[in-house]
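Using numbering that gives the first Met the number 0, read the sequence shown as starting at 0 and increasing by one per residue. Even glycine gets a Cβ: it sits at the ideal position worked out from N, Cα and C. The structure under discussion appears below in the form of structure tokens.
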Amino acid sequence: MVPSGSDSNDEGDLGSGESDGDWAQDDMDADMRRVKVYELVGQKWTDRGTAFCQGDYDEEAREAKLVARDELTNEILLQCTIRATDVYQRQQDTLIVWTEPDGTDFALSFQDAEGCAEVWEFIMEVQRHLQSKLDEEADSSEPGNSSMHMFTAGSMNPFVAAPKLPTPAIGNMQECERVIRALTRQPRLKENYLQICVLIQPQDYVKQVIDVMRQAEDLEDIKELHACCSCMQAILLINDISVYDYVVQDSLFIGVLGVLEYDPEFPTHKAQYRELLQSSAKFREPIPIRDPQVRSKIHMTYRLQLLKDFILARATDDATFNILNSNIAFNQIDICNSIHQDERFLREVVGLFLTADAKLDKDPFKQNEKGKEKEDPSKPPADEASKSNGESSGDVQSQSAPAARSEEYSPDERRKDTILLIQQLCLMGKNIQLPARMALFRSLVDRGILHTIQWALGRPEPNMLSAAGEILGIILDHDVVGVRQHVMRQVSMAGKPTPSVSHGMPDVMDVMEILGAQARKETLLEALCRSLINGHDQAFRSQMADALRTVLEVPQPDLPETNASVLRGMGRGKEDPVNERFIEYFYQKCAEALFRPLAELPECSKVTDRVLRLSRDRSNLYLYLCDLLSAFLLQHSFRSHFFVISTANTLPPLIPRIASLLRAKEKHVRLAALRFFRCCLKLGNRNIFSQLTKHEAILPILELTAREAPRDNLLSSCCQEFFEHIRRENFKDLIAQIMTRYERKVQELSQSPVCGERFMNLIRRWEINCEPPPAEVETAQP
Numbered sequence: 000m001v002p003s004g005s006d007s008n009d010e011g012d013l014g015s016g017e018s019d020g021d022w023a024q025d026d027m028d029a030d031m032r033r034v035k036v037y038e039l040v041g042q043k044w045t046d047r048g049t050a051f052c053q054g055d056y057d058e059e060a061r062e063a064k065l066v067a068r069d070e071l072t073n074e075i076l077l078q079c080t081i082r083a084t085d086v087y088q089r090q091q092d093t094l095i096v097w098t099e100p101d102g103t104d105f106a107l108s109f110q111d112a113e114g115c116a117e118v119w120e121f122i123m124e125v126q127r128h129l130q131s132k133l134d135e136e137a138d139s140s141e142p143g144n145s146s147m148h149m150f151t152a153g154s155m156n157p158f159v160a161a162p163k164l165p166t167p168a169i170g171n172m173q174e175c176e177r178v179i180r181a182l183t184r185q186p187r188l189k190e191n192y193l194q195i196c197v198l199i200q201p202q203d204y205v206k207q208v209i210d211v212m213r214q215a216e217d218l219e220d221i222k223e224l225h226a227c228c229s230c231m232q233a234i235l236l237i238n239d240i241s242v243y244d245y246v247v248q249d250s251l252f253i254g255v256l257g258v259l260e261y262d263p264e265f266p267t268h269k270a271q272y273r274e275l276l277q278s279s280a281k282f283r284e285p286i287p288i289r290d291p292q293v294r295s296k297i298h299m300t301y302r303l304q305l306l307k308d309f310i311l312a313r314a315t316d317d318a319t320f321n322i323l324n325s326n327i328a329f330n331q332i333d334i335c336n337s338i339h340q341d342e343r344f345l346r347e348v349v350g351l352f353l354t355a356d357a358k359l360d361k362d363p364f365k366q367n368e369k370g371k372e373k374e375d376p377s378k379p380p381a382d383e384a385s386k387s388n389g390e391s392s393g394d395v396q397s398q399s400a401p402a403a404r405s406e407e408y409s410p411d412e413r414r415k416d417t418i419l420l421i422q423q424l425c426l427m428g429k430n431i432q433l434p435a436r437m438a439l440f441r442s443l444v445d446r447g448i449l450h451t452i453q454w455a456l457g458r459p460e461p462n463m464l465s466a467a468g469e470i471l472g473i474i475l476d477h478d479v480v481g482v483r484q485h486v487m488r489q490v491s492m493a494g495k496p497t498p499s500v501s502h503g504m505p506d507v508m509d510v511m512e513i514l515g516a517q518a519r520k521e522t523l524l525e526a527l528c529r530s531l532i533n534g535h536d537q538a539f540r541s542q543m544a545d546a547l548r549t550v551l552e553v554p555q556p557d558l559p560e561t562n563a564s565v566l567r568g569m570g571r572g573k574e575d576p577v578n579e580r581f582i583e584y585f586y587q588k589c590a591e592a593l594f595r596p597l598a599e600l601p602e603c604s605k606v607t608d609r610v611l612r613l614s615r616d617r618s619n620l621y622l623y624l625c626d627l628l629s630a631f632l633l634q635h636s637f638r639s640h641f642f643v644i645s646t647a648n649t650l651p652p653l654i655p656r657i658a659s660l661l662r663a664k665e666k667h668v669r670l671a672a673l674r675f676f677r678c679c680l681k682l683g684n685r686n687i688f689s690q691l692t693k694h695e696a697i698l699p700i701l702e703l704t705a706r707e708a709p710r711d712n713l714l715s716s717c718c719q720e721f722f723e724h725i726r727r728e729n730f731k732d733l734i735a736q737i738m739t740r741y742e743r744k745v746q747e748l749s750q751s752p753v754c755g756e757r758f759m760n761l762i763r764r765w766e767i768n769c770e771p772p773p774a775e776v777e778t779a780q781p
């Protein structure tokens, strides 16, 4: 924080306008240079006393100094040598602030502006003199003009006095680091990064540091290597976007990583950043990116992320972190916008998943590309496709890595990399502004990107399944109605023959028709159901369950006005008739396959063991299925109700089989089953109530309540709330069935110290319901 020059008697403020009693009125010259001396200790300016300040020249040391002597004792309070590399600032006409080489910050608060101007002119003149000598020694040029005019205090800009940076060389790196850190430490300089960058970029300062590092590596001089690393860290922590754009250039980035490998905080260890980048980080390009600016931004973004998340993770402060994040975000916005507007790129992405059923060549774009190779000068050379992110054609040899050229790809390999490409695009798309984000994902859906997801869902590789789940989740967050429309297009094309393309590159409609015809055996919704049932990775199953819940969650007519307005703002009306056809298709073709694992459970009345033992894989599957069925009961009205109670489908009744899960060992499975029955109560549907009593589903809930009654936990509370809801809503048929069939168990529970009161209330409610109405009293006629 820059010290203030306003009137204040507090220790932490610099008083440029002190009270009359603070200043002696002895003689005008001394009084004009009367100051208060402040030192920055931590985050607070500490008053070191009142003194008279003057410029002095030490003949023996041949140094110009600022000397402040105590006004009472004449002791020296402050004595600082003026150096060419020190940066002084003048603020508010009465303050001079600077930082000593050891990092100590000092400030002088003058009584009068005239005295401040006099001392300031002395400092400027000394620095000009010292700088001219440095220029003569460094450049062997003509002597500077000694009659250079004096700067006035009002016109002097502190940056004008900033010296040239020391030239990086063996033995001089510590001085380079000290000067750079001194430049960036001053608050005003931090607001004017451009002046510092002017000192670094045009001189290829980073390249000079890299050259020194290579010399030190040849000499095995670890001290100089540590100094080079500290200097490079100081440059990177200037916190300017242009500096980061400068250091991530192809010609510099590998060298920058080499410098940063020698961290002085770990003197006995050396990092392997260059080896990591050149051997492991490969730029794979399954679909050619023809815009060189987009390719450059992709490389820059990767390198900035590497700096932020890995190389500079320990050294970054909040300001550095925010600058890197902003730079990455701006690059990602440009990349997403460019790809969104590149129709050819999106067609190639989707067209890559055409199969032999389409009656096309292996690569439907290959023929078209041959005719355009000569016309497209922006197409990248083939040998650049697998180049590492840190590799440049000038200073790094090509690494032996899997080639990314289309002719060396196997079809499956290329499709896998395309899935990962789409995943990265979607992750970047999440960070752009809402209108552009919505347009991007809607464009991807409209161009058939969901076919690529369906292909990935059919793969056995875990990374493909995980990528497909993540892509689908992001798309559903932004265009769920578009996904439903895509499924309905697949359904409508189920019986149609596969179209063919006679020549050239297929357009968007050709691709959509071909891929839709290929999917006639299985729609995306069926693929999601299959993936949930057959998947074994719990994270992937969670993704599939969330995707099914989202895609089957239809807007409700009783939504609050705010939610309804949000839906309208997303551009897809909530009254879309696709929703009804989509839900109808789900219950006709998908629901039975999805919930068949529940139908394979034994009925609760046939479970003889006290505990139903399930494998971990099956217990997690039942958890997701119970939660999905509970959500569908509340959202899908008559279709879901009919599915649960109907015997018309091929599944046996689900209610008694879900009730058997109340005896599972896993507590979360028991809770999921209990949530299903609680949703049945919330519906208030008499037909469902009759199924509960018919299959004696209440008995396992009572038994579970009895087992959990001694415990005061979540499961016990849920069981008690289940029966409390029955009592509160006064479901007379259910209460009557409970009390007539299981009265003894209810009486036992009413004696429990934890839940006894609730069951006593249930008994009273039953008694009230059974009590006959009072007889009518006939009034005597007069």
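Locate the alpha helix (DSSP H) running through residue i, then write down its first and last residues.
| i | result |
| --- | --- |
| residue 654 | 654-659 |
| residue 612 | Per DSSP, residue 612 belongs to no alpha helix (DSSP H) and is neither H nor E. |
| residue 245 | 240-246 |
| residue 66 | No alpha helix (DSSP H) contains residue 66, which is instead part of the beta strand (DSSP E) from 62-69. |
| residue 414 | 410-428 |
| residue 745 | 742-749 |
| residue 261 | Here residue 261 belongs to no alpha helix (DSSP H), and DSSP marks it neither H nor E. |
| residue 447 | Run containing residue 447: none; DSSP gives neither H nor E here. |
| residue 472 | 461-477 |
Thinking C-beta only, is residue j closer than 9 Å to residue i?
| i | j | result |
| --- | --- | --- |
| residue 290 | residue 337 | yes |
| residue 690 | residue 652 | yes |
| residue 542 | residue 624 | no |
| residue 551 | residue 635 | yes |
| residue 419 | residue 462 | yes |
| residue 272 | residue 251 | no |
| residue 208 | residue 234 | yes |
| residue 547 | residue 593 | yes |
| residue 654 | residue 590 | no |
| residue 640 | residue 687 | yes |
| residue 81 | residue 129 | yes |
| residue 529 | residue 456 | yes |
For the beta strand (DSSP E) that residue i lies in, which residues bound it at each end?
| i | result |
| --- | --- |
| residue 725 | Note, residue 725: premise wrong, no beta strand (DSSP E); alpha helix (DSSP H) at 713-728. |
| residue 50 | 43-57 |
| residue 835 | With the chain represented from 0 up to 781, any question about residue 835 goes unanswered, as that position is not in the structure. |
| residue 710 | From DSSP, residue 710 is part of no beta strand (DSSP E); its letter is neither H nor E. |
| residue 588 | No beta strand (DSSP E) holds residue 588; DSSP gives it neither H nor E. |
| residue 35 | 33-40 |
Less than 6 Å between C-beta atoms, sequence neighbours within five positions excluded: which residues of the same chain meet that for residue i?
| i | result |
| --- | --- |
| residue 559 | Caution is warranted here: a pLDDT of 47 is assigned to residue 559, below 50, making its placement in the model unreliable, and the coordinate value is therefore given only provisionally. None. |
| residue 758 | 745, 748, 749 |
| residue 112 | 92, 93 |
| residue 307 | 323 |
| residue 200 | 245 |
| residue 5 | Confidence in residue 5 is poor, its pLDDT being 40 and thus under 50, which makes the residue's placement unreliable; the coordinate value appears in the next sentence. Answer for residue 5: no residue qualifies. |
| residue 724 | 680 |
What residues in its chain sit with their C-beta under 8 Å from that of residue i, if we drop five residues either side in the sequence?
| i | result |
| --- | --- |
| residue 767 | none |
| residue 429 | 436, 473 |
| residue 813 | Beyond the ends of the chain as shown, which are 0 and 781, falls residue 813; an answer cannot be given. |
| residue 155 | With a pLDDT of only 36 at residue 155, under the threshold of 50, the placement of this residue in the model should not be trusted, and no figure is reported. |
| residue 762 | 738, 745, 746, 749 |
Under the assumption that residue i contacts residue j (Cβ atoms under 8 Å), give the Cβ distance between them as a whole number of angstroms.
| i | j | result |
| --- | --- | --- |
| residue 226 | residue 176 | 7 Å |
Near residue i, which residues of its chain fall below 7 Å by C-beta distance, leaving aside the five closest residues on each side in sequence?
| i | result |
| --- | --- |
| residue 616 | 535 |
| residue 629 | 674, 675, 678 |
| residue 258 | 208, 209, 212, 227, 228, 231 |
| residue 459 | none |
| residue 345 | 446 |
| residue 553 | 578, 582, 634 |
Going along the chain, which unbroken runs of the alpha helix (DSSP H) with 4 or more residues stay wholly within the region 73-127? If we require 4 residues or more, the region 73-127 turns out to have no alpha helix (DSSP H) run fully inside it.
Quick one: which unbroken alpha helix (DSSP H) runs of 4-plus residues sit fully inside the region 269-323? Chain order, please. When DSSP assignments are scanned along the region 269-323, the uninterrupted stretches of alpha helix (DSSP H) that are 4 or more residues long and fall wholly within it turn out to be 272-278, 291-305.
Run through the region 663-699 for me and flag every whole alpha helix (DSSP H) of 4 or more residues, listed as ranges in chain order. Every alpha helix (DSSP H) of 4 residues or more that sits fully in the region 663-699 is shown, in chain order, as 666-682, 685-693.
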